[in-house]
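What follows is one structure encoded as structure tokens, with my remarks underneath.
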Amino acid sequence: MIAAETGFSLVTFVELVIQSIVNNLGLGASANLRKRYLNID
Numbered sequence: 007m008i009a010a011e012t013g014f015s016l017v018t019f020v021e022l023v024i025q026s027i028v029n030n031l032g033l034g035a036s037a038n039l040r041k042r043y044l045n046i047d
């Protein structure tokens with residue numbers, strides 16, 4: 007039980023960290039893509 011709970015907490019923590027990093031990178035990427043698409047259009 008303890009190992010499973012710890013593993014679940016660890017996975018959840020890692021997912022939150024990855025999600026935050028992806029969101030930060032996604033904001034920068036989407037901003038660049040918007041500039042490119044706006045320039046193309």
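If you count the sequence shown from 1, you need to add 6 to reach our numbering. All C-beta atoms, glycine included, are put in the ideal place defined by N, C-alpha and C.
If you draw a straight line from the Cα of L39 to the Cα of E21, it comes to about 25 Å. For V17 and V23, the gap between their C-alpha atoms comes out near 10 Å. Rounded to whole angstroms, G34 and N45 show a C-alpha spacing of 17 Å. Taken atom to atom, the span from the alpha-carbon of L31 to that of F19 is near 18 Å.
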